[in-house]
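A short worksheet on the structure shown next.
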Amino acid sequence: MGTVIVETKYGRLRGGTNEGVFYWKGIPYAKAPVGERRFLPPEPPDAWDGVREATSFGPVVMQPSDSMFSQLLGRMNEPMSEDGLYLNIWSPAADGKKRPVLFWIHGGAFLFGSGSFPWYDGTAFAKHGDVVVVTINYRMSVFGFLYLGDAFGETYAQAGNLGILDQVAALRWVKENIEAFGGDPDNITIFGESAGAASVGVLLSLPEASGLFRRAILQSGSGSLLLRSPETAMALTERILERAGIRPGDRDRLLSIPAAELLQAAMSLGPGITYGPVVDGHVLRRHPIEALHDGAASDIPILIGVTKDEYNLFSLTDPSLTRLEEKELLDRMNREVGPIPEEAVRYYAETADRSAPAWQTWLRIMTYLVFVDGMLRTADAQAAQGANVYMYRFDYETPAFGGQLKACHTLELPFVFHNLHQPGVENFVGNRPEREAIASEMHGAWLSFARTGNPNGAHLPEKWPVYTKEHKPVFVFSAASHVEDDPFGREREAWQGRL
Numbered sequence: 001m002g003t004v005i006v007e008t009k010y011g012r013l014r015g016g017t018n019e020g021v022f023y024w025k026g027i028p029y030a031k032a033p034v035g036e037r038r039f040l041p042p043e044p045p046d047a048w049d050g051v052r053e054a055t056s057f058g059p060v061v062m063q064p065s066d067s068m069f070s071q072l073l074g075r076m077n078e079p080m081s082e083d084g085l086y087l088n089i090w091s092p093a094a095d096g097k098k099r100p101v102l103f104w105i106h107g108g109a110f111l112f113g114s115g116s117f118p119w120y121d122g123t124a125f126a127k128h129g130d131v132v133v134v135t136i137n138y139r140m141s142v143f144g145f146l147y148l149g150d151a152f153g154e155t156y157a158q159a160g161n162l163g164i165l166d167q168v169a170a171l172r173w174v175k176e177n178i179e180a181f182g183g184d185p186d187n188i189t190i191f192g193e194s195a196g197a198a199s200v201g202v203l204l205s206l207p208e209a210s211g212l213f214r215r216a217i218l219q220s221g222s223g224s225l226l227l228r229s230p231e232t233a234m235a236l237t238e239r240i241l242e243r244a245g246i247r248p249g250d251r252d253r254l255l256s257i258p259a260a261e262l263l264q265a266a267m268s269l270g271p272g273i274t275y276g277p278v279v280d281g282h283v284l285r286r287h288p289i290e291a292l293h294d295g296a297a298s299d300i301p302i303l304i305g306v307t308k309d310e311y312n313l314f315s316l317t318d319p320s321l322t323r324l325e326e327k328e329l330l331d332r333m334n335r336e337v338g339p340i341p342e343e344a345v346r347y348y349a350e351t352a353d354r355s356a357p358a359w360q361t362w363l364r365i366m367t368y369l370v371f372v373d374g375m376l377r378t379a380d381a382q383a384a385q386g387a388n389v390y391m392y393r394f395d396y397e398t399p400a401f402g403g404q405l406k407a408c409h410t411l412e413l414p415f416v417f418h419n420l421h422q423p424g425v426e427n428f429v430g431n432r433p434e435r436e437a438i439a440s441e442m443h444g445a446w447l448s449f450a451r452t453g454n455p456n457g458a459h460l461p462e463k464w465p466v467y468t469k470e471h472k473p474v475f476v477f478s479a480a481s482h483v484e485d486d487p488f489g490r491e492r493e494a495w496q497g498r499l
């Protein structure tokens, strides 16, 4: 029989139950990164005496408010603090049984998000699949990815990748403690979406994360997504420090400036500023996909995919994308991402949906460059090492927002977690009748992969084949889910002149 009180390496925790599932929330996996510990790698948490209450989420890490998620997607108003390194656990029971563990890394462009967002509630996974689910917070924006280079000395050499090191610390905590919650420390699957998938891509390549997980799932992201060079990262740091009134080497000001003031200084630079892992030579020694090509994760099966119309989501945050004339939009893309090969332009023109507005045709360029290309390179690298690779595409189109989003970025999240009932979900995904069937298929596939490294089972209408160097099948989740043979082949060829 399970109990709500468990014994961890650091002390006892009292959780709660919901729908027959046990949960423990707001568990510290590292010391608060405040004061002298700001901009330093995470340290193991302090032990405590007695029983610590773990029935409510901890604060989220410092982050800007995001109007799109707040207003449209049902994001909750949560307490925010620089002290935000907490994780949450859902389990069928803390009974000594060793269950597969699903370790979730949230997205949000390394700017916003949390493990407590309702769409990531682990109840359905634990209830339907007899697995343990973990969600985490990790440092983001300036607190997790402010590359300090040589400006503040060797002590801060890892500052550009603290968010990644937080994830490693959380994984290590799970490895050491999850058995007390009914989980198997030797059967952990890491999975994430967008920036979370970029994190998974980095963790696959990171020696410090080796042995902490057995399988990986990357949803709409790869190790190349939001990756930065030291030069790019340092140029941004210099602008932020200037706005914040911090001189290079002024450690006192760096550590004493209020967190909200530092965040505001960073956000005052305006939209378009990106944060993410830095190839810094300390934490991240090389490009993650190059490391995969050399066998960094040769024994790790991966499940990887994208949504069909990823970039359409950003027409909500930048409506100008929908108003530009065709030539203006192409000119803008050429300025932002570099020259687009004539073969690619011709491919998108020839395969355009004539009933759709022109901007949707050309945003497919951004979907490919930002999301699809990294997915294909990651899959090819792993397949070349002999690892099992399963690729998917999510094709369900939401009728919300007048249908302009189609199968956009983040749309698959409530399907994977089988959380279609959560706040804000229907506003985003609509209520088409096929929702439930697709959710059951994806949810079942993710559960099966976590158990065995293979997504197949009775939950799918047909067999999902392995992606290899010779054969590139893709499982398409839609109203009539099916397998397609190399659906990205022609598009990939159209970009060969550049990529």
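Going by the UniProt record's numbering, the first residue of the sequence shown is number 1, and it counts up by one from there. Don't be surprised by glycine CBs; every beta carbon is placed ideally from N, CA and C.
query = Where Gly295 and Gly160 are concerned, what is the direct C-alpha to C-alpha distance, given to the nearest angstrom?
reply = Taking the straight line from one Cα to the other gives about 25 Å.
query = Val168 to Asn388, Cα distance in whole Å?
reply = Distance between the alpha carbons of Val168 and Asn388 is about 24 Å.
task = Please check the pair Ile302 and Leu218, which I expect to be a contact at CB under 8 Å, by giving their CB distance rounded to whole angstroms.
result = Cβ-Cβ separation between Ile302 and Leu218: approximately 6 Å, consistent with a contact (criterion under 8 Å).
inquiry  = Is the beta carbon of Met391 closer than 9 Å to that of Tyr467?
reply    = In contact: Tyr467 and Met391 (Cβ atoms closer than 9 Å).
ask   = Rounded to the nearest angstrom, how far is the Cβ of Leu102 from that of Thr8, given a contact under 8 Å?
value = Not confirmed; about 19 Å, so no contact.
task = Spell out a yes or no on whether the segment 56-67 and the segment 84-104 are touching, meaning 3 or more CB-CB pairs, one atom from each, closer than 8 Å.
result = Touching, yes, given that three or more Cβ pairs across the two stretches are closer than 8 Å.
query = Do you know offhand how far Gly201's Cα is from Ala400's?
reply = Near 31 Å, if we compare the C-alpha coordinates of Ala400 and Gly201.
message = In the DSSP output, which residue or residues are listed as bridge partners for Leu102?
response = Per DSSP, the beta-bridge partners of Leu102 are Val133, Thr189.
query = What's the call for Arg286, buried or exposed, on a 16-neighbour Cβ count within 10 Å?
reply = Taking all protein chains shown into account, Arg286 has fewer than 16 neighbouring C-beta atoms within 10 Å of its C-beta and is therefore exposed.
query = Mind checking Thr3: buried by the 16 CB within 10 Å criterion, or exposed?
reply = Around the beta carbon of Thr3, a 10 Å sphere encloses fewer than 16 other beta carbons of the protein chains shown; the residue is thus reported as exposed.
ask   = Looking at the unbroken beta strand (DSSP E) that takes in Ile89, where does it start and where does it end?
value = Per DSSP, the continuous beta strand (DSSP E) segment holding Ile89 begins and ends at 86-91.
ask   = What distance in whole Å lies between the Cβ atoms of Leu165 and Pro42, which are believed to be in contact at a cut-off of 8 Å?
value = Indeed they touch by this definition, with Cβ atoms about 6 Å apart.
task = Enumerate, from N- to C-terminal direction, the unbroken alpha helix (DSSP H) stretches of 4 or more residues contained entirely within the segment 421-495.
result = The qualifying runs are 425-429, 435-452, 489-494.
query = Roughly how many angstroms separate the alpha carbons of Ile300 and Arg243, rounded to a whole number?
reply = Each residue's alpha carbon lies about 43 Å from the other.
inquiry  = Given this structure, state the Cα-to-Cα distance separating Leu254 from Glu231, to the nearest angstrom.
reply    = If you draw a straight line from the Cα of Leu254 to the Cα of Glu231, it is about 21 Å long.
message = Once DSSP output is grouped into helix, strand and coil, what is the label at Thr17?
response = Taken through DSSP and simplified to helix, strand or coil, Thr17 comes out as strand.
task = Classify Asp252 as buried or exposed, calling it buried when 16 or more other Cβ atoms lie within 10 Å of its own Cβ.
result = Its Cβ having fewer than 16 others within 10 Å, Asp252 is exposed.
query = Which residue from Pro319, Leu324, Ala494 puts its Cα closest to that of Ile365?
reply = Among Pro319, Leu324, Ala494, the Cα nearest to that of Ile365 belongs to Ala494.
ask   = For Pro230, which three-state DSSP category applies?
value = Helix.
key: DSSP bridge partner residues for Pro28 (one or two, in chain order)   = Pro28 pairs with Tyr86.
message = Tell me the DSSP secondary structure of Ala325 in three-state form.
response = For the record, residue 325 in the displayed sequence is Glu; it is not Ala. Coil at Glu325, not helix or strand.
request  = Please name the residue, chosen from Ile289, Leu292, Arg99, that lies closest to Asn187 on a Cα-to-Cα basis.
outcome  = The residue with the shortest Cα to Cα distance from Asn187 is Arg99.
request  = Since I believe Glu491 is in contact with Tyr368 (beta carbons under 8 Å), could you give me their beta-carbon distance rounded to a whole number of angstroms?
outcome  = Going by Cβ atoms, the distance from Tyr368 to Glu491 rounds to 6 Å, so yes, they are a contact pair.
task = Identify the continuous alpha helix (DSSP H) that holds Met366 and give its terminal residues.
result = For Met366, the enclosing alpha helix (DSSP H) starts and ends at 358-367.
query = Should Leu409 be labelled buried (16 or more other beta-carbon atoms within 10 Å of its own) or exposed?
reply = Note that residue 409 corresponds to His in the displayed sequence, not to Leu. Of the residues assessed, His409 falls on the buried side of the cut-off, its CB having 16 or more other CB atoms within 10 angstroms.
request  = Let me know if Ser229 comes out buried or exposed under the rule of 16 or more other beta-carbons within 10 Å of its beta-carbon.
outcome  = That one is exposed.
key: Pair within 9 Å by beta-carbon distance, Tyr120 and Phe449   = Not closer than 9 Å, so no.
task = Flag this pair as yes or no: are the beta carbons of Leu313 and Gly276 separated by less than 9 Å?
result = Cβ atoms of Leu313 and Gly276: not closer than 9 Å.
query = Between which two residues does the beta strand (DSSP E) carrying Val372 extend?
reply = Unbroken run through Val372: none, as it is neither H nor E.
task = Check whether the Cβ atoms of Gly113 and Gly107 sit closer than 9 Å, and answer yes or no.
result = Remark: C-beta atoms of Gly113 and Gly107 approach each other more closely than 9 Å.
ask   = If you drop the 5 nearest sequence neighbours on each side, which residues of the same chain put their C-beta closer than 8 Å to that of Lys469?
value = Correct list, in chain order: Asp380, Ala383, Ala384.
ask   = In the DSSP assignment, what residue or residues form a beta bridge with Gly305?
value = DSSP, once it has assigned bridges, lists Gln219, Tyr392 as partnering Gly305.
query = Touch check for the segment 422-432 and the segment 323-338: three-plus C-beta pairs under 8 Å?
reply = For the pair of segments examined, the segment 422-432 was found not to touch the segment 323-338: the number of CB pairs separated by less than 8 Å stays below three.
task = For Lys463, count neighbouring Cβ atoms within 10 angstroms of its own Cβ and tell me buried if that reaches 16, exposed if not.
result = When all chains shown are included, Lys463 counts as exposed.
Contact check, Arg139 vs Leu171, beta carbons under 9 Å = No.
request  = Could you check what DSSP says for Asp331 in three-state terms: helix, strand or coil?
outcome  = Of the three classes helix, strand and coil, the one that applies to Asp331 here is helix, per DSSP.
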